[in-house]
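Visitor: Note that the numbering used here has the sequence shown beginning at 32, numbered continuously upward.
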Amino acid sequence: MRLLYTLGIFFYRIAIAIAALFQKKARLWQQGRKGEFARLLAAFAGQPRPVWVHSASLGEYEQARPLIERIKKERPDVKVLATFFSPSGYEVRKNDTLPDYVFYLPMDFPRNVRRFFDIVNPQAAVFVKYEYWYNYLIELKNREIPFYHICAIFRPTQYLFKPVGRWFASQLHHSSGFFVQNEVSASLLEGIGIRQCVVCGDTRFDRVHAIASQPYILDFVEAFRGNSRLIVAGSTWAPDEQVLATVLSHLQRYKMIVAPHELHRTEETVQFFSNFKVVKYSEMEGKNLAEYDVLVLNTIGLLSKVYKYSTLSYVGGAFKTGLHNILEAAVFGVPLFFGPEYRKFNEAVELVQQKGAFSIHTPEEMEGIIRRFDGEPDFYDKTCAICRQYVEANIGACDRIYNIIKNSIQ
Numbered sequence: 032m033r034l035l036y037t038l039g040i041f042f043y044r045i046a047i048a049i050a051a052l053f054q055k056k057a058r059l060w061q062q063g064r065k066g067e068f069a070r071l072l073a074a075f076a077g078q079p080r081p082v083w084v085h086s087a088s089l090g091e092y093e094q095a096r097p098l099i100e101r102i103k104k105e106r107p108d109v110k111v112l113a114t115f116f117s118p119s120g121y122e123v124r125k126n127d128t129l130p131d132y133v134f135y136l137p138m139d140f141p142r143n144v145r146r147f148f149d150i151v152n153p154q155a156a157v158f159v160k161y162e163y164w165y166n167y168l169i170e171l172k173n174r175e176i177p178f179y180h181i182c183a184i185f186r187p188t189q190y191l192f193k194p195v196g197r198w199f200a201s202q203l204h205h206s207s208g209f210f211v212q213n214e215v216s217a218s219l220l221e222g223i224g225i226r227q228c229v230v231c232g233d234t235r236f237d238r239v240h241a242i243a244s245q246p247y248i249l250d251f252v253e254a255f256r257g258n259s260r261l262i263v264a265g266s267t268w269a270p271d272e273q274v275l276a277t278v279l280s281h282l283q284r285y286k287m288i289v290a291p292h293e294l295h296r297t298e299e300t301v302q303f304f305s306n307f308k309v310v311k312y313s314e315m316e317g318k319n320l321a322e323y324d325v326l327v328l329n330t331i332g333l334l335s336k337v338y339k340y341s342t343l344s345y346v347g348g349a350f351k352t353g354l355h356n357i358l359e360a361a362v363f364g365v366p367l368f369f370g371p372e373y374r375k376f377n378e379a380v381e382l383v384q385q386k387g388a389f390s391i392h393t394p395e396e397m398e399g400i401i402r403r404f405d406g407e408p409d410f411y412d413k414t415c416a417i418c419r420q421y422v423e424a425n426i427g428a429c430d431r432i433y434n435i436i437k438n439s440i441q
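Printed below as a string of structure tokens:
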């Protein structure tokens, strides 16, 4: 089965090479790994053994970040290596100064894996959420390096809990510990004989709470908002923007800030709001922002702070690729909206159940709830409180994780 798995990785590598002829993301994925072992060798020659933290992409790195911060705070003598699978994470965080090293993860071929460990020789490894690379797990076991999985979440429909995935799941028995987000995940792991499991929650709660606790003022948002009510729509795609443009056209006293998930879509986003007066963040200098209806936030790194100014927030992805991070908005205690495909995201499921968030299928659904907020201040205040209290009740995952893995850090 290991051979079949490795063959699958080989064909995936070929598919990426073909896609790189046409897609920028695939080209970045391929080009970023060229000469990687030479760079690894130069970085780690004569250096102490690091703690290795691996994230698939940017969202998972946000879950890893509070733990990296804690390690650097408690053990400033320890080096941290952060690796990424996707360009969406690496290209954004390759110059991040929090970890000591940032690299792409070499492809999961046995020879690559052995070279990686011969060069890096980590003292412990941490994988975030869904990252299960078979050859890496085998080598960690063979070299007796402790490894952990944090913020893990499982569903009964995943392949690990089906007969076809049991051969893979057998490698997870060697994990030093699973830190899972909920009791369902713990029960599923126990069902396949994995008992080194602790329900810790999600470190993103710690991350967003830390961001929200920092005092800051965004003058451009205040100038744009003025006395209007503000909808902040983050990480949007075309289906989200189609809904949002319709909703805004039926509301009075509202403005909107829209942050497309991918910056290359900026002009497409602007077109969806062509019936409004639109300004782009990159072109707002010298303009009277109070005159505009829509501000397109075509920059990286501000969205999590802009949510602070929202009357209500919309988080994109749930009409298309998968819901993006709703906790960045929820921490500020504002009602949340998103599309219908959210059930793979535990925090979204729980907030919908508690009525702090609303999954909508049509513009009319969203508009109706907003009008109720406008007409019933108590309903609005109650919804805000639900979101705020939900985040506060789930802070502390990072402490629980660090207090266990610190015993594996030399």
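Glycine is no exception: its CB is placed at the ideal position from the N, C-alpha and C atoms. As the structure is a prediction and not an experimental result, all values here were calculated from the model.
Quick check: what's the CA-CA separation for residue 243 versus residue 144?
Guide: Distance between the alpha carbons of residue 243 and residue 144: 39 Å.
Visitor: Does the Cβ of residue 361 lie closer than 7 Å to at least one heavy atom of the ligand SAH?
Guide: Within the structure as shown, the ligand SAH is missing, as the structure has no ligands at all.
Visitor: Which residue's Cα is closest to the Cα of residue 119: 56, 186 and 226?
Guide: Of the candidates 56, 186 and 226, the one whose C-alpha sits nearest the C-alpha of residue 119 is 56.
Visitor: Can you check which of these residues, 395, 169 and 236, is closest to residue 37 by C-alpha distance?
Guide: Out of 395, 169 and 236, 169 has the C-alpha closest to the C-alpha of residue 37.
Visitor: With H, G and I counted as helix, E and B as strand and the rest as coil, what does DSSP make of residue 109?
Guide: The answer is coil: DSSP assigns residue 109 none of H, G, I, E or B.
Visitor: Taking the alpha-carbon of residue 63 as reference, which of 86, 84, 138 and 76 has the nearest alpha-carbon?
Guide: The shortest C-alpha separation from residue 63 is found at 138.
Visitor: Is residue 195 helix, strand or coil by DSSP?
Guide: Reduced to three states, the DSSP call for residue 195 is helix.
Visitor: Residue 61 to residue 256, Cα distance in whole Å?
Guide: Rounded to whole angstroms, residue 61 to residue 256 spans 42 Å at the Cα level.
Visitor: Can you tell me which of the three DSSP states residue 231 falls into?
Guide: Residue state, collapsed to three classes: coil.
Visitor: Thinking C-alpha only, which one of 73, 401, 290 and 362 is nearest residue 368?
Guide: Closest option to residue 368, Cα to Cα, is 401.
Visitor: Is it true that the CB of residue 183 sits closer than 8 Å to the CB of residue 216?
Guide: In this structure, residue 183 lies closer than 8 Å to residue 216 by Cβ.
Visitor: Mind checking which residues open and close the alpha helix (DSSP H) that includes residue 276?
Guide: Counting along the chain, the alpha helix (DSSP H) containing residue 276 begins and ends at 269 to 280.
Visitor: For residue 397, which of helix, strand or coil comes out of DSSP?
Guide: It is helical.
Visitor: How about residue 234 and residue 420: do their beta carbons lie closer than 8 Å?
Guide: Going by C-beta atoms, residue 234 is not nearer than 8 Å to residue 420.
Visitor: Assign residue 160 to one of two classes, buried (16 or more other C-beta atoms within 10 Å of its C-beta) or exposed (fewer than that).
Guide: Looking at its Cβ environment, which holds 16 or more other Cβ atoms inside 10 Å, residue 160 is buried.
Visitor: What distance in whole Å lies between the Cβ atoms of residue 112 and residue 130, which are believed to be in contact at a cut-off of 8 Å?
Guide: Right, their Cβ atoms sit about 7 Å apart.
Visitor: Look at the Cβ atom of residue 236, then the Cβ atom of residue 426, and state whether they are nearer than 8 Å.
Guide: Going by C-beta atoms, residue 236 is nearer than 8 Å to residue 426.
Visitor: Contact between the region 260 to 271 and the region 383 to 393: three or more CB pairs below 8 Å?
Guide: With the cut-off at 8 Å, the region 260 to 271 and the region 383 to 393 do not touch.
Visitor: For the region 284 to 298 and the region 425 to 441, state whether three or more C-beta atom pairs, one from each stretch, are separated by less than 8 Å.
Guide: No: fewer than three Cβ pairs fall under 8 Å.
Visitor: So for residue 116, helix, strand or coil by DSSP?
Guide: The answer is coil: DSSP assigns residue 116 none of H, G, I, E or B.
Visitor: Per DSSP, which residues does residue 392 bridge with? Please list them.
Guide: For residue 392, which the question treats as bridged, DSSP gives no partner whatsoever.
Visitor: Can you tell me where the beta strand (DSSP E) with residue 183 in it begins and where it stops?
Guide: Taken as a continuous stretch (DSSP letters only), the beta strand (DSSP E) holding residue 183 covers 178 to 183.
Visitor: Report yes if the C-beta distance between residue 79 and residue 110 is below 8 Å; otherwise report no.
Guide: Yes, the pair counts as a contact, with Cβ atoms nearer than the cut-off.
Visitor: Exposed or buried, which one is residue 321 when buried takes at least 16 other CB atoms within 10 Å?
Guide: That one is exposed.
Visitor: Excluding sequence positions up to five away, which residues of its chain have a Cβ less than 8 Å from the Cβ of residue 281?
Guide: So the qualifying residues of the chain are 394 and 398.
Visitor: Assess, as a yes-or-no matter, whether the region 368 to 378 is touched by the region 339 to 354 under the definition of 3 or more beta carbon pairs within less than 8 Å.
Guide: Flag = yes, the region 339 to 354 and the region 368 to 378 touch.
Visitor: Determine which residues share a DSSP beta bridge with residue 343 and list them.
Guide: Answer by DSSP bridge pairing, in chain order: 262.
Visitor: Do you know whose CA, among 193, 391 and 272, lies nearest residue 303's CA?
Guide: Per the Cα distances, 272.
Visitor: If I measure Cβ to Cβ from residue 392 and keep anything under 6 Å in the same chain, skipping five residues before and after, which residues do I get?
Guide: Taken in chain order, the residues that qualify are 371.
Visitor: Taking Cβ positions, are residue 58 and residue 51 nearer each other than 8 Å?
Guide: Yes, these two residues count as a Cβ contact at 8 Å.
Visitor: Quick check: what's the CA-CA separation for residue 53 versus residue 352?
Guide: Approximately 20 Å, taken between the alpha carbons.
Visitor: May I have the straight-line CA-CA distance separating residue 334 from residue 266, to the nearest angstrom?
Guide: Cα-Cα distance, rounded: 9 Å.
Visitor: Out of 39, 225 and 264, state which residue places its alpha-carbon closest to the alpha-carbon of residue 329.
Guide: The residue with the shortest Cα to Cα distance from residue 329 is 264.
Visitor: Using a threshold of 8 Å, state whether the C-beta atoms of residue 289 and residue 277 are closer than that.
Guide: Cβ distance not < 8 Å, so residue 289 and residue 277 don't count as in contact.
Visitor: Are the beta-carbon atoms of residue 379 and residue 343 separated by less than 8 Å?
Guide: The answer is no: Cβ separation not under 8 Å.
Visitor: From this set, 319, 314, 418 and 323, which residue's C-alpha is nearest residue 308's C-alpha?
Guide: That would be 323, whose Cα lies nearest to the Cα of residue 308.
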